[in-house]
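Protein sequence lines correspond, in order, to chains A and B. All letters in the first sequence, in the order written, are residues 6 to 119 by this note's numbering. All letters in the second sequence, in the order written, are residues 6 to 119 by this note's numbering. The beta carbon of each residue, even a glycine, is placed where N, CA and C say it ideally should be.
2 protein chains.
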Amino acid sequence: MDTLSQTLSALADPTRRAILAQLAQGEATVNDLARPFDISLPAISRHLKVLEAAGLISRGREAQWRPCHLETAPLKAVDTWLGDYRRFWEGSFDRMDAYLQLIQQKPDTTGDPQ
Amino acid sequence: MDTLSQTLSALADPTRRAILAQLAQGEATVNDLARPFDISLPAISRHLKVLEAAGLISRGREAQWRPCHLETAPLKAVDTWLGDYRRFWEGSFDRMDAYLQLIQQKPDTTGDPQ
DNA sequence: GCGTTAATTAACACATATGTTAAATATGGA
DNA sequence: TCCATATTTAACATATGTGTTAATTAACGC
Numbered sequence: 006m007d008t009l010s011q012t013l014s015a016l017a018d019p020t021r022r023a024i025l026a027q028l029a030q031g032e033a034t035v036n037d038l039a040r041p042f043d044i045s046l047p048a049i050s051r052h053l054k055v056l057e058a059a060g061l062i063s064r065g066r067e068a069q070w071r072p073c074h075l076e077t078a079p080l081k082a083v084d085t086w087l088g089d090y091r092r093f094w095e096g097s098f099d100r101m102d103a104y105l106q107l108i109q110q111k112p113d114t115t116g117d118p119q
Numbered sequence: 006m007d008t009l010s011q012t013l014s015a016l017a018d019p020t021r022r023a024i025l026a027q028l029a030q031g032e033a034t035v036n037d038l039a040r041p042f043d044i045s046l047p048a049i050s051r052h053l054k055v056l057e058a059a060g061l062i063s064r065g066r067e068a069q070w071r072p073c074h075l076e077t078a079p080l081k082a083v084d085t086w087l088g089d090y091r092r093f094w095e096g097s098f099d100r101m102d103a104y105l106q107l108i109q110q111k112p113d114t115t116g117d118p119q
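Okay, structure coming up:
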């Protein structure tokens, strides 16, 4: 799976987004992160695995604790991807832009806007 | 499922992102959108259904064609959500910010950073 | 060593996602 | 009416995601 898909897929779960929000406050252990939720610890553990695989968190080791830390590189990548569409809602995209696009050839297959 | 999760889930598929990129060039029919891909038309039709359910596209009706149109509101919502994390990679988040966060109480359960 | 706490892995259940092919529906035009 | 084109729906196969409980691994401290 490509990186961006993996990131967006990881972010598509509300529990995982809530975990990231908690980590935005600073490092936390698995138990810390699990406390607000009604789901089991193994479930949280697997959510963290998904987040780690996507590079959205990193994990240290302090005795029997595994402190989790927010990593923003993938979020930045989402922001960059989104940036290509930003003109569509920021007013710079008007009827003339639409016309200029219409007279262009059909696009690529890369998954990115042009 | 909450709106943001639905949006991110729809965006997590590379085929669907490529479809959006095509639509960034202007309206297109289902066949237009299917052309660049090696998958069947029904598969594309279902991808479009997912995008439409997430509000990322809208569909008109012209004879037997169903022209698709990019809708940016959900993308804007992603941008807004992401904005809360932007300070983490934009330099305004330094050691003092980290300290201020550390002395705060642990956060909410809303899925949003504070 | 042994019990306690922290976290992960195993085994399972169940729902959802994504693709296929074949059939159905909708519209335009000879 | 009847055929061609555009698109969707049906039925199916298969993979992945998310949760559970029970068992396992890792590290601390008496």
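Buried or exposed for residue i, please, with buried defined as at least 16 other CB atoms from any protein chain shown within 10 angstroms of its CB.
i                     : result
residue 51 of chain A : exposed
residue 76 of chain B : buried
residue 49 of chain B : buried
residue 65 of chain A : exposed
residue 85 of chain A : exposed
residue 58 of chain B : exposed
residue 68 of chain B : exposed
residue 17 of chain B : buried
Considering just the uninterrupted stretch of the alpha helix (DSSP H) at residue i, what are its terminal residues?
i                     : result
residue 33 of chain A : Residue 33 of chain A -> no alpha helix (DSSP H), and no H or E assigned at all.
residue 15 of chain A : 8-16
Thinking residue i and residue j are a contact (beta carbons under 8 Å), I'd like their distance in whole angstroms, please.
i                     : j                     : result
residue 78 of chain B : residue 9 of chain B  : Not confirmed; about 12 Å, so no contact.
residue 87 of chain B : residue 80 of chain A : 6 Å
residue 13 of chain A : residue 13 of chain B : 5 Å
Given residue i, which residues of its chain have a CB within under 7 Å of its CB, disregarding the five upstream and five downstream residues?
i                      : result
residue 39 of chain A  : 46, 49
residue 21 of chain B  : 15, 52, 55, 56
residue 60 of chain A  : 76, 78, 79
residue 110 of chain A : The predicted position of residue 110 of chain A is uncertain, since its pLDDT is 44 and thus under 50; a value taken from the coordinates is nonetheless stated next. Answer for residue 110 of chain A: no residue qualifies.
Using C-beta distances below 8 Å, list every residue in its chain close to residue i, excluding the 5 sequence neighbours before and after it, in chain order.
i                     : result
residue 74 of chain A : 28, 32, 62, 63, 64, 65
residue 41 of chain B : 23, 27
residue 71 of chain A : 34, 35, 64, 65
residue 44 of chain B : 20
residue 94 of chain B : none
residue 2 of chain B  : The displayed coordinates of chain B run from 6 to 119. Any statement about residue 2 of chain B would go beyond what the structure contains.
residue 37 of chain B : 27
Given residue i, which residues of its chain have a CB within under 6 Å of its CB, disregarding the five upstream and five downstream residues?
i                      : result
residue 116 of chain B : Residue placement at residue 116 of chain B is poorly supported in this model, since its pLDDT is 42, which falls under 50; the coordinates are not used for a value here.
residue 11 of chain B  : 59
residue 30 of chain B  : none
Inset, instruction - With a floor of 4 residues, list each alpha helix (DSSP H) that falls wholly inside the segment 52-95 of chain B, ordered by position along the chain. - result: 78-91
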